[in-house]
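Numbering (our numbering), first residue to last: 3 to 203.
All residues carry an ideal CB built from backbone N, CA and C; glycine is no exception.
Computed from a predicted model, the values in this text were never measured in an experiment.
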Ligand SMILES: [Zn+2]
């Protein structure tokens with residue numbers, strides 16, 4: 003009888019352990035924060051749980067939030083922005099849509115040159131800023147802005163406008179159908195368009 007009771011107790015103990023384990027696992031599964039990765043072998047966008055993360059050597063991280071300016075000027079497109087673009091590009095290609103970055107990272111010098119040129123073209127700095135921002139305001143010299151298909155078929159940019167939020171890329175301005183920035187986490191909702199770039203600061 004004593005043996006039987008002990009057996010029952012340990013059985014209950016096991017059962018309780020199993021329930022607790024199951025519950026904590028369920029909580030973990032429900033509450034995990036996803037990480038967004040571009041899987042290089044399959045060229046596909048993959049959502050992985052945070053405790054796995056993007057797999058080193060296989061994935062490129064797309065970042066988990068809006069991507070903002072760093073502390074140092076880069077010399078190329080932000081790697082997570084590029085991973086977002088590559089994910090979107092692969093998905094678009096699968097639907098027969100071509101997509102290319104016609105202008106991404108620009109040096110401060112190039113951005114200033116483009117701004118000065120725009121002032122000549124549009125007569126005033128205020129008018130020029132609607133189309134080209136000076137280097138201290140533009141996100142191109144931070145590697146955080148992509149001009150997509152500007153010199154190519156517009157359908158690639160239209161596709162990205164419709165589907166970019168999945169990959170964390172948003173069209174920003176009403177007057178620039180080609181200009182995209184990583185304003186949100188992948189899978190988020192893009193903010194409403196601003197009329198033009200002169201609205202920035
Ligand atoms: Zn742009």
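Item to complete: Report, in whole angstroms, the separation of the C-beta atoms of residue 193 and residue 169, which I expect to be a contact under 8 Å.
Response: For the purposes of this step, residue 193 is taken as residue 191 along the chain shown, with counting starting at 1. For the purposes of this step, residue 169 is taken as residue 167 along the chain shown, with counting starting at 1. Rounded, the Cβ-Cβ distance is 16 Å, inconsistent with contact.
Worksheet entry | 4-residue-minimum alpha helix (DSSP H) runs that sit fully inside the segment 127-197, ordered along the chain | 127-130, 157-165
Worksheet entry | Beta bridge counterpart(s) of residue 37 as assigned by DSSP | If you number the chain shown from 1, residue 37 lands on position 35. BP columns for residue 37 point to 50.
Item to complete: Report yes or no: is there a C-beta of chain D within less than 8 Å of the C-beta of residue 201?
Response: As a matter of chain content, chain D is missing from the structure shown, which is built from one protein chain.
Worksheet entry | Around ligand 1, Cβ to any heavy atom closer than 6 Å, ordered along the chain | For ligand 1, the selected residues are 142, 147, 149, 181.
Item to complete: Could you pull the start and end residues of the beta strand (DSSP E) that residue 58 belongs to?
Response: Taking the first residue of the chain shown as 1, we reach residue 58 at position 56. First-last for residue 58: undefined, no H or E at that position.
Discussion item. Just verifying my parser: in three-state terms, what is the DSSP assignment at residue 102?
Written reply: Reading the chain shown from its first residue, position 100 is the one you call residue 102. Note: residue 102 maps to coil in three-state DSSP.
Item to complete: Decide if the segment 154-170 is in contact with the segment 85-102; the criterion is three or more beta carbon pairs, one per stretch, under 8 Å apart.
Response: yes
Discussion item. Quick check on residue 83: buried or exposed, where buried means 16 or more other Cβ atoms within 10 Å of its Cβ?
Written reply: Mapped onto the chain shown, residue 83 falls at position 81. Buried.
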